[in-house]
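Residue 255 in our numbering sits at position 157 of the sequence shown, and the numbers go up by one each step. Input: a single structure, listed below in structure tokens.
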Amino acid sequence: MSAHDNSHDLEVRDSNVVDRFEDPGHPDHQPRKGDTDPKANKKAERQVLFLFAVSVLGTIGFVVAYFALPPGDTAESMRTSNLALGGALAFALLGIGTGAIHWAKALMNDHEKSEERHLQRSDDETRAAAVEVLAEGTADSGISRRGALKGAVVSALALFPITIALPLIGNIGEDWNVGKLKHTIWKKGVRLSRDPNGRPIKASDVTIGSVFHVIPDNLEEHHETGDYMDQKAKAVVLLVRLDPRDLKADQSPAGETWSYDGIVAYSKICTHVGCPVALYEQQTHHLLCPCHQSTFDIADGARVVFGPAKRPLPQLPITVDDEGYLVAQSDFTQPVGPSFWERETK
Ligand code: FES
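Okay, structure coming up:
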């Protein structure tokens with residue numbers, strides 16, 4: 099492009115320079131139906147009432163479900179209980195939220211206001227005005243005029259905390275002894291059984307590279323004591339057979355052997371935040387936690403080789419009994435699960 103063309107373009111641009119925009123203003127204010135039609139206004143009020151009533155019913159439903167559907171000790175009863183509590187809680191919260199929004203949109207006064215931009219810190223006068231606006235907003239909400247609505251919102255807000263308090267109150271008197279977290283039902287001589295059928299495992303059934311999900315043979319007894327799920331959650335084990343030559347660490351610090359002919363057993367509960375660790379990579383002997391990818395080397399004492407976990411998976415020392423079944427030598431060598439305040443991280 100020539101020098102002449104450039105100067106021509108600049109002139110054209112200069113003549114089009116706009117140093118300010120016209121204020122487009124506001125479109126005309128459209129009143130809501132309820133502002134002009136008292137029937138519509140009443141209808142909106144009934145809708146708000148209905149939404150707060152839904153919240154109240156949700157809270158009542160929560161209380162009923164809490165007592166009528168205790169979690170029990172089966173997966174089915176826990177699912178039913180959680181579903182009922184969660185559903186009721188959803189209605190309790192949804193009713194309050196949608197009721198408040200609908201009230202603000204359909205019933206509160208519909209003023210349009212424009213505000214100039216100003217410095218972030220308002221002067222004292224503006225701050226005092228803000229307080230006045232808040233007071234005006236309270237008056238605008240009509241809470242003093244609409245007695246039924248006042249009752250509904252107060253009931254919904256007053257009852258809702260029950261959904262939080264009840265489970266806490268219900269747990270008063272429970273055994274909060276965290277020492278229980280340190281032990282599982284594994285003990286000397288307890289057979290290792292397949293999960294979920296409970297069939298005991300013989301060492302001869304475990305071929306090199308195979309993986310078994312394991313529960314303690316004495317878990318069945320806990321159906322009667324009502325803590326089957328609690329005990330199972332702590333005691334689950336992953337059992338793998340390696341070529342004994344691949345094992346880098348199979349001895350306790352005291353020199354006892356914790357594995358049996360290449361068979362090792364480790365807690366399945368990730369030491370990060372407790373997901374089940376169950377993805378085994380045969381070639382590398384790595385065990386991967388699907389939640390945050392912590393990776394443990396089970397040929398090397400389940401040492402952490404990657405990820406956020408801070409300590410190895412606790413090992414279950416094993417051996418065989420007279421009939422060739424795999425049995426525990428003791429409980430796990432360390433407390434299972436995520437690290438907590440009293441537990442070493444290394
Ligand atoms: S729970 Fe396993 S890595 Fe986070």
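Glycine included, each C-beta is placed from N, C-alpha and C at the ideal position. Since this is a predicted model, take the numbers as computed values, not measurements.
Same chain, Cβ closer than 7 Å to residue i, five either side skipped, listed in chain order
i    : result
A397 : L340, D344, L345, K346 and H383
E318 : G296
C373 : C387, P388 and C389
L145 : This sequence places Gln at residue 145; Leu is not what is there. Here the set comprises H200.
D429 : H281, T282, W284 and K285
P342 : D359 and G360
T417 : Y358, V425 and Q427
S308 : R339
Residue i, buried or exposed, once every other Cβ within 10 Å from all chains shown has been counted against 16
i    : result
A301 : buried
S357 : buried
T224 : exposed
S239 : buried
S392 : buried
L386 : buried
F310 : buried
S212 : exposed
T134 : exposed
L377 : exposed
L183 : buried
Y131 : Sequence inspection shows Lys at residue 131; the Tyr mentioned does not correspond to that position. It is exposed - the Cβ of K131 has fewer than 16 other Cβ atoms within 10 Å.
V251 : buried
A363 : buried
K140 : exposed
Q413 : buried
L336 : buried
K332 : buried
E230 : exposed
T157 : buried
I267 : exposed
D126 : exposed
Residue i beta carbon near ligand 1 (any heavy atom closer than 6 Å)
i    : result
G405 : yes
H384 : no
H321 : no
V334 : no
S392 : yes
V402 : no
V371 : yes
Chain C within 7 Å of residue i, Cβ atoms only
i    : result
G184 : Looking for chain C here will not work: only one protein chain is present.
Limits of the beta strand (DSSP E) - the one that residue i falls within
i    : result
I361 : I361 to S365
E395 : Note that residue 395 is Asp in the sequence shown here, rather than Glu. Taken as a continuous stretch (DSSP letters only), the beta strand (DSSP E) holding D395 covers T393 to D395.
V146 : Segment P136 to A166 is the alpha helix (DSSP H) holding V146; no beta strand (DSSP E) there.
T355 : From DSSP, T355 is part of no beta strand (DSSP E); its letter is neither H nor E.
S212 : S212 -> no beta strand (DSSP E), and no H or E assigned at all.
V425 : L424 to A426
V402 : R401 to F404
F430 : It is not in any beta strand (DSSP E) - F430 carries neither H nor E in the DSSP assignment.
F310 : V309 to P314
L336 : V335 to R339
S242 : Unbroken run through S242: none, as it is neither H nor E.
R219 : First-last for R219: undefined, no H or E at that position.
L290 : L290 to R292
N-terminal and C-terminal residue of the alpha helix (DSSP H) that residue i is part of
i    : result
Y378 : It is not in any alpha helix (DSSP H) - Y378 instead sits in the beta strand (DSSP E) that spans L377 to E379.
H200 : A173 to A204
H384 : Where H384 is concerned, there is no enclosing alpha helix (DSSP H), although the beta strand (DSSP E) it sits in stretches over H384 to L386.
A233 : D222 to D238
H321 : H320 to T323
S253 : G245 to L257
A407 : Run containing A407: none; DSSP gives neither H nor E here.
Q128 : Segment: none, Q128 is in no alpha helix (DSSP H) and carries neither H nor E.
Q413 : Taken as a continuous stretch (DSSP letters only), Q413 belongs to no alpha helix (DSSP H), as it is neither H nor E.
Close Cβ partners of residue i (< 8 Å) along its chain, the five nearest in sequence each way excluded
i    : result
V334 : D293, H311, V312, I313, S365, K366, I367 and P374
F160 : L183, A186, L187, A190, I260, T261 and L264
Same chain only: Cβ atoms within 6 Å of residue i, ignoring 5 sequence neighbours per side
i    : result
Y164 : L264
A204 : G132 and A142
H106 : Bear in mind that the predicted position of H106 carries a pLDDT of just 49, short of 50, making it too unreliable to give a figure here.
G435 : I367 and G372
Y326 : D171 and H320
Are the region 283–290 and the region 422–438 touching, with three or more C-beta to C-beta distances below 8 Å? Touching, yes.
Counting Cβ pairs closer than 8 Å, one from the region 172–180 and one from the region 233–253, do we hit at least three? They do not touch, by the three-pair rule.
Are at least three pairs of beta-carbons, each pair with one atom in the region 152–171 and one in the region 250–267, less than 8 Å apart? The answer is yes - the region 250–267 touches the region 152–171, with three or more Cβ pairs under 8 Å.
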